[in-house]
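One structure below.
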Amino acid sequence: MKVLGACPLDCPDACSWVVDVEDGVAVGLRGNKAHPITRGALCVKVNRYLEQVASPERITHPMRRIGAKGEGRFERITWDEALAEISERLTGIIDEYGAEAIWPFHGTGSLGYIQGLEGFSGRRFFNALGASLHDPTICSVAGSLGVKYTLGTSGGMDPEDFVKSELILLWGTNPLSSGHHGWKFIQDSGAYTVAIDPVRSRTAERCDEHLAPLPGTDAALALGLMHVIVSLGAQDDEFIASNTVGWPEFRTRIAEFTPDRVAEITGLPVDRIVALGERIARTRPTAIRASQGMQRHAGGGMALRALACLPGVTGDWAIPGGGLHYSTSGHFDLNDAELARYDLLPHPVRTLSMTRLGEGLLEVDEPPVKALFVIAANPVGSNPEQGRVIRGLAREDLFTVVLEHFPTDTVDYADIVLPATMQPEHLDVLAAYGNLYLVWNEPATTAPGECLPTTETFRRLARTMGLTEPALYDSDEDLAAQLLKGHDIERLRTEGFLKVAARPVPTDKLRFVSDRAEMAGHDPLPAYIPPADPGDGLVLISAASHYFLNTIFGNNIELRRRAGDPTVVLHPEDAAARGIAHGDPITVGNDRGAFEAVAEISDRVRTGVAATTKGRWAKLSGGSTVNATIAERDSDFGGGAVFHDNRVRITLRGAALRLG
1270 MKVLGACPLD CPDACSWVVD VEDGVAVGLR GNKAHPITRG ALCVKVNRYL
1320 EQVASPERIT HPMRRIGAKG EGRFERITWD EALAEISERL TGIIDEYGAE
1370 AIWPFHGTGS LGYIQGLEGF SGRRFFNALG ASLHDPTICS VAGSLGVKYT
1420 LGTSGGMDPE DFVKSELILL WGTNPLSSGH HGWKFIQDSG AYTVAIDPVR
1470 SRTAERCDEH LAPLPGTDAA LALGLMHVIV SLGAQDDEFI ASNTVGWPEF
1520 RTRIAEFTPD RVAEITGLPV DRIVALGERI ARTRPTAIRA SQGMQRHAGG
1570 GMALRALACL PGVTGDWAIP GGGLHYSTSG HFDLNDAELA RYDLLPHPVR
1620 TLSMTRLGEG LLEVDEPPVK ALFVIAANPV GSNPEQGRVI RGLAREDLFT
1670 VVLEHFPTDT VDYADIVLPA TMQPEHLDVL AAYGNLYLVW NEPATTAPGE
1720 CLPTTETFRR LARTMGLTEP ALYDSDEDLA AQLLKGHDIE RLRTEGFLKV
1770 AARPVPTDKL RFVSDRAEMA GHDPLPAYIP PADPGDGLVL ISAASHYFLN
1820 TIFGNNIELR RRAGDPTVVL HPEDAAARGI AHGDPITVGN DRGAFEAVAE
1870 ISDRVRTGVA ATTKGRWAKL SGGSTVNATI AERDSDFGGG AVFHDNRVRI
1920 TLRGAALRLG
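The sequence shown runs 1270 to 1929 under this note's numbering.
Next comes the structure, spelled out in structure tokens:
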């Protein structure tokens, strides 16, 4: 039997896949050849997904903590015992502190609308209680707001239109390691490709040109390129007059960013800045592909705001194959609010920021957080200030419930662990944020042991707590029908995917001057906001790994073998200044924390920058990871995270261990 499904992971592609099932067991997994984006291929990570599903390390029954928090010692209990204990503890917390003392912490382990983050699975249950709201600020919020301030929508160009482009700027993105399907359209275009990235990534190696600005200076570079275009008189005056607001003011702002000034800010040679500006000026259509990494800085939102303006200056927004592709989320017309049912809240409640979990657990009061539900998340591995997060999770008065597949670093701090189904075992619906396709995931196999879908877990918990709201007991099929009202659900379920119509971009006029940004307290014009880490040393970039997806697959033996030991790449000049040779064991740290790694000396990074990857499990990496060094501090827009606005000191550790 062949069952159509969809990858739920935090990747722009949302691949359609086919599960081969024999005698009730999933024996094969491959990309769906019929899907125009997936085209039969999965990534190196997801190719091993069925290994994860069948792993002997998988959690398959409820457990109760019997050791100290952090030890990871549990005893097996029944579902009835687990639900009764959760119900009793929540009832006591609500009676003493109120329901806002409960924090449902949703992560990006699944982007499903039924079982995962996009539909806030379980949110109806928490709304009926009156629990605090959860703001998933950790991923892309700063950039999304920046694009919205400019375009009125977070939706950008259709990546399938890259085949029509003549020039493609891959700005702070590495699709060959993270969302690789878009690369096919870039290749097919025959366009001249330019990678703009502080690191010479796998993708940058394949491009025609690579520029390596200092991290966090992207807005200045974008404004400088527009300065070159305008100085040549190459702006599209007709498009600007008909389709934009605030051009005179923005033109004045652009004039401030001369190539000399931009070179000083970005660390790029003046002639490289001028040459790229001239290339953009004479090449139509030009497309920009940007992703989440470049907006994880103090000025990350402004950087995307400026990038969205560049095709407005050149008129590329009006040309097929031109524009900006950051996210396609704004093109999907789904009834996700009907899934969450915020109308069930008995009164207005506070919102807690995902990025500031340590602060929320250690400092928030009136009421303090007394119960934490961790759903499809591993905050010990993924949140900033790892040490602070651990101190918060170690509180004896904090009741923590974790829904999980594996014994992650976060599971070790749980009071109750509940076994969750994986993607081939439940129904779900996904919408890509890197293309325009809805995808359907049909259950292919039964779950092992006592694993339950997240939806069923909260249906059972609602019943145990005696909640009578009928919406809490809607089936997964009911939820899918509510989400997809107005869409051809039968066709989606039969074919496995459905392309939605692209909405206009910009939605009305492109806003060089944004009243919405000004009302939110920001400069109404695109601006350059410098990096804000007050520390010293090198700027550390911790990009997506080729072998892990966030911390998912961080326990997969083969992918860990391929990834090798944690490494930090240093430029030869920076390494020599510190007396560090290739293969030396090093300590990387700052006032927030430290982790251990092996030095790789290479000009793949520019001077002043060090590079590593995220996704390691702390307990499999010496007790800490790169996130121990990252500040729990907000970016400019929306409270986004600042993973790449991070300065560290790197020192030699012990005797040299040479890389092979």
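For every residue, glycine included, the Cβ atom is placed at its ideal position computed from N, Cα and C.
Quick caveat, the model's predicted, so the values are computed rather than measured.
Nearest to Ser1423 by alpha-carbon distance, out of Asp1430, Ser1413, Val1432 and Phe1431, is Ser1413. In the DSSP assignment, Met1332 falls within the beta strand (DSSP E) that extends over Met1332 to Arg1334. Under the three-state reduction of DSSP output, Pro1373 falls in the strand class. In summary, Arg1916 is buried, with 16 or more beta-carbon neighbours lying within 10 Å of its beta-carbon over all protein chains present. Looking at the DSSP output, Arg1345 bridges to Met1332. The segment 1371 to 1379 and the segment 1625 to 1645 touch, with three or more beta-carbon pairs separated by less than 8 Å.
Distance between Ala1368 and Phe1864, taken at the CA atoms: about 37 Å. Within the segment 1858 to 1902, complete alpha helix (DSSP H) segments of at least 4 residues are not found at all. Ile1383: not part of any alpha helix (DSSP H); DSSP gives it neither H nor E. Sequence-distant Cβ neighbours of Glu1746 in its own chain, meaning closer than 8 Å and more than five residues away, are Leu1696. The beta carbons of Leu1545 and Leu1631 sit about 46 Å from each other, so the pair does not count as a contact at 8 Å. Per DSSP, reduced to three states, the secondary structure at Lys1271 is strand. Residue environment analysis places Pro1554 among the buried positions, since at least 16 neighbouring C-beta atoms fall within 10 angstroms of its C-beta. Per DSSP, reduced to three states, the secondary structure at Leu1761 is helical.
In this structure, DSSP gives Phe1431 a helical state, which the three-state scheme calls helix. Restricting attention to alpha helix (DSSP H) runs no shorter than 4 residues, the segment 1479 to 1538 encloses them at 1487 to 1500, 1506 to 1512, 1516 to 1524 and 1528 to 1535, ordered along the chain. Inter-residue distance for Glu1764 and Ile1758 is about 10 Å (C-alpha atoms, whole angstroms).
Per DSSP, reduced to three states, the secondary structure at Thr1552 is coil, with no helix or strand assignment.
A buried status is given to Ser1622, since no fewer than 16 other beta-carbon atoms sit within 10 Å of its beta-carbon. Sequence-distant partners of Gly1441 (beyond 5 residues in either direction) whose C-beta falls short of 7 Å from its own C-beta, in its chain, are Ile1465, Asp1466, Asp1487, Ala1559, Ser1560, Gly1562 and Met1563.
In the DSSP assignment, Ser1622 is bridged to Asp1404. By DSSP's assignment, Ile1363 forms no beta bridge with any residue. Rounded to the nearest whole angstrom, the CA to CA distance from Lys1778 to Met1426 is 16 Å.
Fewer than three pairs of CB atoms, one per stretch, sit closer than 8 Å, so the segment 1583 to 1595 makes no contact with the segment 1523 to 1530. Taking C-beta atoms as the reference points, Ile1919 and Ala1880 fail to come closer than 8 Å. Secondary structure of Arg1830 (DSSP, three-state): helix. Comparing alpha carbon positions, the residue from Glu1711, Ser1811, Tyr1816 and Thr1876 closest to Thr1898 is Ser1811.
In this structure, the CA atom of Leu1483 is about 8 Å from the CA atom of Gly1877. Sequence-distant Cβ neighbours of Arg1780 in its own chain, meaning closer than 6 Å and more than five residues away, are Thr1419 and Val1514.
DSSP places Leu1809 within a strand segment (E or B) once states are collapsed to three.
Bounds of the alpha helix (DSSP H) holding Asn1396 are Arg1392 to Leu1398. The segment 1849 to 1858 and the segment 1348 to 1367 do not touch, with fewer than three beta-carbon pairs separated by less than 8 Å. In the displayed model, Asp1289 falls within a strand according to three-state DSSP. A residue is called buried when at least 16 other Cβ atoms come within 10 angstroms of its Cβ; Lys1314 meets this threshold and is buried.
DSSP places Ala1295 in the strand class (E or B) of the three-state scheme.
In the three-state reduction of the DSSP assignment, Ser1596 falls in the strand class.
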